[in-house]
Amino acid sequence: MPAPATTASGSTKPIFPADQLRIWIRQLLATTLRGVTYDHMNPSHMKDLSRGLSEKIKSQMLALHPHSFKYIITSTLTENKSQAGRGDLVCHWEGTDVAVQEMFSNELERWG
Numbered sequence: 866m867p868a869p870a871t872t873a874s875g876s877t878k879p880i881f882p883a884d885q886l887r888i889w890i891r892q893l894l895a896t897t898l899r900g901v902t903y904d905h906m907n908p909s910h911m912k913d914l915s916r917g918l919s920e921k922i923k924s925q926m927l928a929l930h931p932h933s934f935k936y937i938i939t940s941t942l943t944e945n946k947s948q949a950g951r952g953d954l955v956c957h958w959e960g961t962d963v964a965v966q967e968m969f970s971n972e973l974e975r976w977g
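Following the numbering used here, the residues of the sequence shown are numbered contiguously, the last one being 977.
Set out below in structure tokens:
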């Protein structure tokens, strides 16, 4: 694994490889959620699915860079009934902090 990038000022504080994680998350969501429909009759299944996604993402983050970072992972599964919805969260405490956001929609897959 290559050494993590550092800031433009030459600081030795590493920058998390967000682009690598983004690609990995995109693939994870496509393989995990393809064909899944929101299950109102079994909310614990949806909770477990969301938690499982978060755990896999955390494991990948630790595999990419196991030290020097604190990780926050939010996974939300919702049903879209022909309505628009959007959620954003970006938190930067230092110049080297990054945020990665990915969205998967079965609807886009069907019609895209």
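Glycine included, each C-beta is placed from N, C-alpha and C at the ideal position.
So, for residue i: in the same chain, excluding its five sequence neighbours on each side, which residues have a beta-carbon less than 8 Å away from its beta-carbon?
| i | result |
| --- | --- |
| Arg887 | Val965 and Glu967 |
| Tyr903 | Met911, Leu942, Thr943 and Glu944 |
| Cys956 | Ile937, Asp962 and Ala964 |
Nearest-angstrom Cα distance between residue i and residue j?
| i | j | result |
| --- | --- | --- |
| Ser947 | Met911 | 20 Å |
| Ser940 | Arg891 | 13 Å |
| Gln925 | Ile938 | 12 Å |
| Thr896 | His905 | 22 Å |
| Ser933 | Asp884 | 18 Å |
| Tyr936 | Phe969 | 21 Å |
| Gly993 | Thr877 | Residue 993 cannot be examined here, being either before or after the span of the chain that is shown, 866 to 977. |
| Val963 | Val901 | 29 Å |
| Asp913 | Lys923 | 15 Å |
| Thr917 | Pro931 | Thr is not the amino acid found at residue 917; the sequence shown has Gly there. Each residue's Cα considered, the two are about 19 Å apart. |
| Asn907 | Leu927 | 31 Å |
Please go through the same chain and pick out, in chain order, the residues whose beta-carbon is closer than 7 Å to the beta-carbon of residue i, but skip the five residues on each side of it.
| i | result |
| --- | --- |
| Lys921 | Leu893 |
| Trp889 | Gln925 |
State yes or no: is the C-beta of residue i within less than 8 Å of the C-beta of residue j?
| i | j | result |
| --- | --- | --- |
| Ser919 | Leu942 | no |
| Leu929 | Pro882 | yes |
Round the Cβ separation of residue i and residue j to the nearest angstrom and send it over; I've been treating them as touching at under 8 Å.
| i | j | result |
| --- | --- | --- |
| Val898 | Asn971 | In the sequence as displayed, the identity of residue 898 is Leu instead of Val. Confirmed, Cβ separation roughly 7 Å. |
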